[in-house]
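Numbering-wise, the sequence shown is residues 11 to 411 according to the working numbering.
Backbone N, C-alpha and C fix where the C-beta goes; we use that ideal spot for every residue, glycine too.
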Amino acid sequence: MQKSNRSDNTMKYKLLYTGLILFVYLLGRGIPLYGIDTAAYANESVNAETLLMQTISGDLYRFSVFALGISPYMLSSLFVQIFVSLKKADAKAKISPKKINHLSLFLTFVLATVQAFMRTESLKFAEAGNLLILTKAVVVLEMVTGVMVILWLSGRNKKYGIGGQTTLIFVNILDGIRVSASRHTPGELVIPLLLSAVMMFVMILMENTEKRIPVQRISIHNIYADKNYLAIKMNPIGVMPVMFSTACFMLPQFIVLLLALLFPEHSGILWWQQNMVLSRPLGAVVYILVLYALTIVFSMVFIGPGDLTEQFLKSGDSILNLHAGRDTKRYLSREVFRISFFSATVMGICLGAPLALQMRGGIDSTLVMLPSSFMMLSGIFCNLYQEFIVIRNFDAYRPFI
């Protein structure tokens, strides 16, 4: 009887566990790094760059122990997924999930260490002189530890809570929207909110629209034989490319920053450093191109036309009016590319329109990320809603005895 009651309250237990995870996460976001001059950030300006980074770091000014957020893990998992996808099917089958996880964690540690070192160069410390070197070393250790704690929290939330690491991103986005809206009058919010409403509608429509490819199943010989299909969403990977593009956009920025530290007098590097921001055309174009690349790459990796073709060959099923094998793989690759390119174009327009308006003076820089934040929020909400439905249906089951 006790086991049955616990099963009936799965939703309650998961919500309580996620609430506990969020409490710890928000608590960590409020703990400043050692030796930071927090008073120096009191009048710090907020721009599109700051709000974009908040999506994956959570900390608005990035001086807390969770300053790096999940960006190192996002980058490392992207590199590992691409590395695994490039291997042949036999070699891929030999790579265990445990090995992939260990490789991702190692790469996360390396990236977190590099990002932490680079981040210390732009932080404002209360210490000076020889003591500053020791303070920076402690800060690097704190930031790397913060990344590992966030990974542990998101892992526990994925196993026992709701939403996994997307729940943390969901909270970051909500906080970013609050900060953006609180600094402006209702009149200044009209255009950004109208754009946000349009983007939310487009995102929800794409999340719930799919292309159905007719499939012939050899095991079905009844009236349902003509109703089998392979479904591919018009937004194949959801808002994942948008979130990952934020992390990937940091890579060229860090490279330019590193070069600027090594060659401070180089005029060409200085020009790249000044223009590799979202308020300049170069930064906006690079950001959109990264979004295109990630949307197509993620679609090819996670949908896997080659893997689907192998499954068809093993099961004997086939796409209607297509030969199994090479023809099927070509057709699926072409369709996945077309759908992912269309998805990237729609999201690119949604993200690029506010950036273009900002450059023309139509939107304030602190509001430019508001529409894209609502777009990501709606995409994540669709996924969380589907998870809620699954858990609710699980709770609805009753034991026979």
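Residue i versus the options, residue with shortest Cα-Cα distance
| i | options | result |
| --- | --- | --- |
| M386 | F76, S353, I242, I183 | I183 |
| W282 | V300, P262, L299 | P262 |
| I80 | I223, S95, L161 | L161 |
| F73 | K108, T20, R129, S383 | R129 |
| T188 | I399, F384, F398 | Note that residue 188 is Arg in the sequence shown here, rather than Thr. Of the listed residues, the one whose Cα sits closest to R188 is F384. |
| D185 | M379, V287, L85 | M379 |
| P224 | I242, F211, N218, A207 | I242 |
| N218 | L318, S95, Y395, A50 | Y395 |
| G197 | Y23, L377, S382 | L377 |
| A49 | K169, L133, G362, F312 | L133 |
| P82 | F116, G362, F352 | F116 |
| S87 | V75, H112, S106, K104 | H112 |
| V148 | P42, P291, M310 | P42 |
| R227 | A334, N403, D47, S353 | A334 |
| H194 | S375, L37, K97 | S375 |
| L36 | I179, D337, L267 | I179 |
| K169 | D405, N403, E397, A406 | E397 |
| S4 | D337, E220, S206 | Nothing in the structure corresponds to residue 4, since the chain is present only between 11 and 411. |
| N167 | D47, S114, V34 | V34 |
| Q125 | D47, Y341, Y51, M260 | M260 |
| P381 | K146, S106, I105, S206 | S206 |
| K316 | Y341, A303, L292 | Reading off the sequence, residue 316 comes out as Gly, not Lys. Of the listed residues, the one whose Cα sits closest to G316 is Y341. |
| G314 | L292, A303, V296, K339 | K339 |
| D47 | R336, P107, K146, I105 | K146 |
Residue i, enclosing beta strand (DSSP E) - first and last residue
| i | result |
| --- | --- |
| R222 | 220-226 |
| I242 | 239-243 |
CB contact flag (residue i, residue j, <8 angstroms)
| i | j | result |
| --- | --- | --- |
| C392 | I214 | yes |
| A122 | V90 | no |
| S343 | L301 | no |
| F308 | I247 | yes |
| S245 | M216 | The sequence shown places Asn at residue 245, rather than the Ser named in the question. Cβ distance < 8 angstroms, so N245 and M216 count as in contact. |
| V181 | L32 | yes |
| F127 | V150 | yes |
| P251 | T176 | no |
| F135 | L144 | no |
| Q368 | S289 | yes |
| I359 | P202 | no |
| L199 | A191 | yes |
| E137 | G45 | yes |
| L78 | M21 | no |
| V356 | V212 | yes |
| C258 | L85 | yes |
| K24 | I401 | yes |
| L240 | A294 | no |
| I265 | G362 | no |
| F93 | R39 | no |
| S95 | V287 | no |
Heavy atom of the ligand PLP within 7 angstroms of residue i beta-carbon
| i | result |
| --- | --- |
| A50 | This structure does not include the ligand PLP; it has no bound ligands of any sort. |
Residue i, enclosing alpha helix (DSSP H) - first and last residue
| i | result |
| --- | --- |
| V346 | 336-369 |
| P274 | Unbroken run through P274: none, as it is neither H nor E. |
| L377 | Note, L377: premise wrong, no alpha helix (DSSP H); not H, not E. |
| M286 | Note, M286: premise wrong, no alpha helix (DSSP H); not H, not E. |
| E198 | Taken as a continuous stretch (DSSP letters only), E198 belongs to no alpha helix (DSSP H), as it is neither H nor E. |
| R416 | No answer is possible for residue 416: the residues shown for the chain start at 11 and end at 411. |
| T20 | 20-39 |
| L43 | Careful: L43 lies outside any alpha helix (DSSP H) and carries neither H nor E. |
| P246 | From DSSP, P246 is part of no alpha helix (DSSP H); its letter is neither H nor E. |
| D317 | 315-325 |
Within-8 angstroms CB hit, residue i to chain B
| i | result |
| --- | --- |
| G156 | Given the protein chain composition of this structure (a single chain), no chain B is represented. |
Decide yes or no for the touch test of the stretch 314-328 against the stretch 281-298: beta carbon pairs closer than 8 angstroms, at least 3 of them. The count of Cβ pairs closer than 8 angstroms, one atom from the stretch 314-328 and one from the stretch 281-298, stays below three, leaving the stretches out of contact.
Inter-stretch contact at 8 angstroms, needing at least 3 Cβ pairs: the stretch 147-161 / the stretch 344-352: No, they do not touch.
Pairs of beta-carbons, one from the stretch 324-343 and one from the stretch 269-276, closer than 8 angstroms: are there three or more? Contact fails: fewer than three Cβ-Cβ distances are below 8 angstroms.
Length at least 4, wholly inside the stretch 77-162: the alpha helix (DSSP H) runs in chain order: Listed in chain order, they are 81-95, 99-103, 107-130.
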